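Structure, as structure tokens:
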Amino acid sequence: MFSNFKQAFKKDESTTSNIPQAVLDALSEELPRGLKYVPLDDHHIKAVPEEGEEIKITISNLKIKLPNGLKLNSPDELQEFLYRTQQTVQTDGENIKINGETKPLTELVKKPFQPQKNIVGKYDIVPEPFPEPKPLEVVYEEKGITEVFHIKREPLADMKKSLFKTVDPGPLEIILTLDEEANNIIVNINLMLSKAVDIEEIIAAIKLYIGFLNGKIKLAGGIQTPIMSETDGKGAIEDALRYWEKVSAISEKLDVKFNPQEGIDEEGLLLINQLYKSLIENLPYKMPVTINNFTTTTSEGLNTSEFSPGSSMAFQYTNTENVTLYGATFTIFNAVALLNCKIKGIEPVEPNKYKFNIEPAYGDSIMQASKHFTSKEELDKFFSPPSSALEALSKAEELYENKPSN
258 MFSNFKQAFK
268 KDESTTSNIP
278 QAVLDALSEE
288 LPRGLKYVPL
298 DDHHIKAVPE
308 EGEEIKITIS
318 NLKIKLPNGL
328 KLNSPDELQE
338 FLYRTQQTVQ
348 TDGENIKING
358 ETKPLTELVK
368 KPFQPQKNIV
378 GKYDIVPEPF
388 PEPKPLEVVY
398 EEKGITEVFH
408 IKREPLADMK
418 KSLFKTVDPG
428 PLEIILTLDE
438 EANNIIVNIN
448 LMLSKAVDIE
458 EIIAAIKLYI
468 GFLNGKIKLA
478 GGIQTPIMSE
488 TDGKGAIEDA
498 LRYWEKVSAI
508 SEKLDVKFNP
518 QEGIDEEGLL
528 LINQLYKSLI
538 ENLPYKMPVT
548 INNFTTTTSE
558 GLNTSEFSPG
568 SSMAFQYTNT
578 ENVTLYGATF
588 TIFNAVALLN
598 CKIKGIEPVE
608 PNKYKFNIEP
618 AYGDSIMQAS
628 KHFTSKEELD
638 KFFSPPSSAL
648 EALSKAEELY
658 ENKPSN
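Numbering of the sequence shown is given in this note's numbering, commencing with residue 258 and proceeding in unit increments.
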């Protein structure tokens, strides 16, 4: 399997040419012993060693960057190193010495049907470029996930290792280091959720990332990835997955498309938990609120003497909100009850409109219980009869805010 992986990224040594072999043979006679010309493309030829011949080449004034401890002992090793690092090497020498015979550098690559000019100056030795990106299948069987990434070889100053990176624009970057001697692969993963275009892409990327951490991913049809040691942030990653799965469920329930590129504030994070509790778990929730009065309108005049100061009461009402979340705007219909409150006084504001001054009946806070709905019909059904709505809201449990790790 590793050999197949390496084969996919080896140098392309195939050539096609319209240059007659007789021309190649005639020009090769002008080269030092042991060299011959072969086609480079339709217009160029290059000098290469003949099979079985030992060639000693010296090029003066090479300007090349080598890592500490690495020595190149032959032109083949130089060529291989330049390919692995994709380095362009410059020389200001005019000639090359082959088996003790000096020739112009221009003799290495030439156009056989045009006059050759020996130009004194600087020459670049340019390696063949790496192959174009190739598909890499990534399979997480346990979760039923199969994705195809595109991977490209990257420069690496090492004669025994090769570096590959995915080039896809999504949130998951896969980095593979192939050790050609040990015949194994080191896997590194970068997760960048800011690059995701939708919620589904975020969830798939996080699941694959967790699969890599747990060593449960197969690459290229059969390379089993090892368990990764960088698991310190695994808990935060799993929290992030749970959060985005919540967001996805809410999106589906509301039939809206959330854009993860849009920012979200503390209020939005709280709203995610409130909507999930109501719309997905189908339960009301309650939270402490800071409120000391509210104003309400009645259908007829209110006998305020019936509400003595200090009386404990629960107040329920409905409202409608237009909400914007992750770039999507939608309407929610709310059932609300104020619990654990007592009346301090009632003030008429205008006909059939009154201001209630309230305070906690006990403890420090008035509690607000809520349940959200996606339609007015669902809200009306919840209030049929009104006493059932108050009973359900009175049984609500407190909601605690959970923030995402993203």
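For each residue, glycine too, the CB sits at the ideal point set by N, CA and C.
Just so we're clear, the structure is a prediction, and the values are computed from it rather than from any experiment.
Exposed is the label assigned to N576, since fewer than 16 other Cβ atoms lie within 10 Å of its Cβ. If you look at S569, you'll find it isn't in any alpha helix (DSSP H); it sits in the beta strand (DSSP E) that goes S569 to L582. In the DSSP assignment, N550 falls within the beta strand (DSSP E) that extends over N550 to T554.
Distance from the CA atom of L647 to the CA atom of M624, rounded to whole angstroms, is 13 Å. Beta-bridge analysis with DSSP links G602 to N614. N530 carries a helical assignment under DSSP once its states are collapsed to helix, strand and coil. With a cut-off of 8 Å on Cβ pairs, the stretch 471 to 485 is not in contact with the stretch 517 to 531, counting fewer than three such pairs. Going by beta carbons, E495 and I529 fall outside the 8 Å limit. Within the same chain, and ignoring the five residues on either side of S565 in sequence, the residues whose Cβ sits closer than 8 Å to its Cβ are I600. Following the DSSP letters along the chain, one finds K303 inside the beta strand (DSSP E) bounded by residues I302 to P306. If the five residues before and after E654 are omitted, its C-beta is found closer than 8 Å to the C-beta atoms of L540, Y542 and K543, all from its own chain and listed in chain order. Residue state for Y542 is assigned as strand, using DSSP reduced to three classes. Taken atom to atom, the span from the alpha-carbon of D621 to that of I459 is near 41 Å.
Taking a contact to require three or more Cβ pairs closer than 8 Å, the stretch 402 to 410 and the stretch 424 to 439 qualify as touching. In the structure shown, K628 adopts extended strand secondary structure according to DSSP, grouped into three states. In the structure shown, the three-state DSSP call for D496 is helix. Under the three-state reduction of DSSP, L656 is assigned to coil, being neither helix nor strand. In the DSSP assignment, the residues bridged to N441 are D436. K475 is bridged by DSSP to V396 and Q481. With a cut-off of 8 Å on Cβ pairs, the stretch 548 to 568 is in contact with the stretch 606 to 617, counting three or more such pairs. Where I521 is concerned, there is no enclosing alpha helix (DSSP H), because DSSP gives it neither an H nor an E. Here I321 carries a coil assignment [DSSP, helix/strand/coil]. The Cβ atoms of F387 and Q343 lie closer than 8 Å to each other. Here DSSP, grouped into helix, strand and coil, assigns R290 to coil.
Here DSSP, grouped into helix, strand and coil, assigns I276 to coil. L420 is bridged by DSSP to E411 and T434.
For the pair L526 and K503, the Cα-to-Cα distance works out to about 11 Å.
Its chain contains T345 as the residues whose beta carbon lies nearer than 7 Å to that of V383, once the 5 sequence neighbours on both sides are disregarded; these appear in chain order.
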